[in-house]
Amino acid sequence: MKKMIVFAVFAAMVAFAGHAFAHSPLCDCFDNGDGTVTCEGGFSDGSSAAGVKMSVLDGAGKVLQDGKMNADSEFSFKKPGDAYVVLFDAGEGHSVEINGADIVE
Amino acid sequence: MFAFMVMSLPAQAHFMMVYTPEIAKEKGGDMDFRLVFTHPAEAGHTMDMGGAQEFYALYQRGDNKAKKIDLKGYLKEIDWANPESKGKGFEAMIPRKLVRSMGDYTFVFKPGYYFEKEEGIYMQQITKLVANVGGIPGNWAEPAGLPCEIVPLIKPYGLWTGNVFKARVLSQGKPVAGAEVEVEFMSHMPDLKANVMHAKSSVDYPHDAFVTQTIFTDSEGYITFGIPKAGWWGFAALGVGPETEHKGKEMSQDAVIWVKAVDM
């Protein structure tokens, strides 16, 4: 088990060798009140999240919408009718999941 | 006799207080402000600040362009009552929709002109308070482009007790050498419900000299100050602004910044 963790950490280190290690991914979403939701992202060191993969999933984990953070590290989408989850996916160890129920105006 | 009376008053500094309970916020939400011109170390005299010229926030997340959010319309005049004085101040309830995004919010308050009768001078303290939502940094280390200001070189909303606060004093964007900077601890916490500072102090000052600490900027305009106690610290660079006269009287245009330190 320990070996696996060590390996996972090593793999993460290799995967993110180009990034600063001190950063963690951050993402928050707001209901715009007009049937759309906007998510904002970034990293704790201030670096941009432009281009980071964004997904909106339904309760069963099925992808409803896919997209990317824009140049301002923002991503807007049409609010699904049922329960949903937003995934900010900047790679292994760098993803944030936000439950649609926590997304308010 | 009059001079004697003035001199026998405890040494205390004027501070434009721009206060909101939390500046390192995990999530955005309504922010309740009090803006009072007083002496925070001793809950001292509350002064008429001469109204408000400007109140706004410069918002920035990461590398995005800074955005100005005008907040002047949220100012509401209030009566502020410290144990031995009363005066007019402002409250401002900034709604969540304006301060919900992650990033830095540099709040800037530019009061009107206060006339200090005893000294025959006008005073105006242009005050900054930097808050963060969600942990993504922004423009906290950038000058806000004020006539005079204190620009932090250490994250002003992420200070531990014992950190050294380092900052640069600017006048019209240029560093000010040898400027006098007064430092006070907010020993009497503002009570936002009652709009007062109560008489109870969290500090016993052994001598008047400790109430207002004084430091000077170096030849490059930098100040350094070790923070000995958790809580709110105000820094006021005196007379560094370009306006030196108002209505034919001497004028001290000061730059103020408030920071909060937290125990580790």
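Quick mapping for you: the protein sequence lines, in order, are chains W and Y.
All letters in the first sequence, in the order written, are residues -3 to 101 by the numbering used here.
All letters in the second sequence, in the order written, are residues 332 to 595 by the numbering used here.
Each residue gets a CB set at the ideal place from its N, CA and C atoms; glycine is no exception.
Just so you know, these numbers come straight off a predicted model, no measurement behind them.
Only those residues of the stretch 374 to 398 of chain Y whose C-beta falls short of 7 Å from the nearest C-beta of chain W are listed: Arg392, Gly393, Asp394 and Asn395.
Under DSSP, the beta-bridge partners assigned to Asn95/W are Val81/W. Here Met424/Y is exposed: its Cβ has fewer than 16 other Cβ atoms, across all protein chains shown, within 10 Å. Counting along the chain, the unbroken beta strand (DSSP E) around Trp563/Y starts and ends at Gly562 to Ala568.
When rounded, the separation of the alpha-carbon atoms in Val590/Y and Asp54/W is 43 Å. In terms of CA proximity to Met517/Y, Val367/Y leads the group Tyr390/Y, Val367/Y, Leu406/Y and Gln456/Y.
A straight line joining the alpha-carbon of Ser416/Y with that of Gln384/Y spans about 24 Å.
Counting along the chain, Gly37/W sits inside the beta strand (DSSP E) bounded by residues Thr32 to Phe39.
By a beta-carbon distance limit of 8 Å, Asn494/Y contacts Ala592/Y. Their separation comes to about 7 Å. The beta carbon of Met433/Y is closer than 6 Å to those of Arg392, Val464, Gly465 and Ile467 in its chain, skipping five residues each way along the sequence. Looking only at Asn413/Y, Lys356/Y and Gly443/Y, the smallest Cα-Cα distance to Met520/Y is reached by Asn413/Y. In summary, Val59/W is exposed, with fewer than 16 beta-carbon neighbours lying within 10 Å of its beta-carbon over all protein chains present.
Within the stretch 464 to 484 of chain Y, contact with chain W at the beta-carbon level (separation under 8 Å) is assigned to Gly465, Gly466, Ile467, Pro468 and Gly469. Taking C-beta atoms as the reference points, Val482/Y and Pro474/Y count as a pair closer than 8 Å. For Lys428/Y, the three-state secondary structure derived from DSSP is helix.
Under the DSSP assignment, Ile558/Y falls outside any beta strand (DSSP E); it carries neither an H nor an E label. Inter-residue distance for Asp27/W and Met380/Y is about 39 Å (C-alpha atoms, whole angstroms). Shown in chain order are the members of the stretch 54 to 75 of chain W whose Cβ falls below 8 Å from a Cβ of chain Y: Asp68 and Ser69. Beyond the five residues adjoining it in sequence on each side, Arg431/Y comes within less than 6 Å, by CB distance, of Gly359 in the same chain, given in chain order. The DSSP-derived three-state label of Asp361/Y is coil. Cα atoms of Leu389/Y and Glu101/W: separation of roughly 22 Å, rounded to the nearest angstrom.
For Met433/Y, the neighbours in chain W by C-beta distance under 7 Å run, in chain order, Leu22, Asp24, Glu36 and Gly38. Residues of chain Y with a Cβ closer than 7 Å to the Cβ of Ser51/W do not exist; the shortest Cβ-Cβ separation is about 20 Å. Glu373/Y counts as buried, since at least 16 other C-beta atoms from the protein chains shown sit within 10 angstroms of its C-beta. The residue among Glu581/Y, Ala530/Y, Trp491/Y and Lys497/Y with its C-alpha nearest the C-alpha of Ile588/Y is Lys497/Y. By the Cβ neighbour-count rule, Met595/Y is exposed, with fewer than 16 other Cβ atoms within 10 Å of its own. Residue Pro426/Y holds the alpha-carbon nearest to the alpha-carbon of Gly404/Y among Leu477/Y, Lys356/Y, Pro426/Y and Leu501/Y.
Comparing C-alpha distances from Leu490/Y to each of Gly420/Y, Trp564/Y and Val439/Y shows the shortest one belongs to Trp564/Y.
In terms of Cβ geometry, Ala344/Y and Glu515/Y form a close pair [threshold 8 Å]. Setting aside the 5 residues that flank it on each side, Ala86/W is surrounded in the same chain by Pro21 and Val48, each with a C-beta closer than 6 Å to its C-beta; the list follows chain order. Think of a sphere of 8 Å around the beta carbon of Gly42/W: the chain Y residues whose beta carbon falls inside it are Gly393, Asp394, Ile467, Pro468 and Gly469, in chain order. Beta-bridge annotation (DSSP): Arg499/Y is paired with Val482/Y and Tyr553/Y. Counting along the chain, the unbroken beta strand (DSSP E) around Asp27/W starts and ends at Pro21 to Asp27.
The continuous beta strand (DSSP E) containing Tyr436/Y extends over residues Gly434 to Pro442. By the 16-neighbour rule on beta-carbons within 10 angstroms, Lys459/Y is buried. Restricting attention to beta strand (DSSP E) runs no shorter than 3 residues, the stretch 380 to 433 of chain Y encloses them at 383 to 391, 398 to 401, 406 to 413 and 416 to 425, ordered along the chain.
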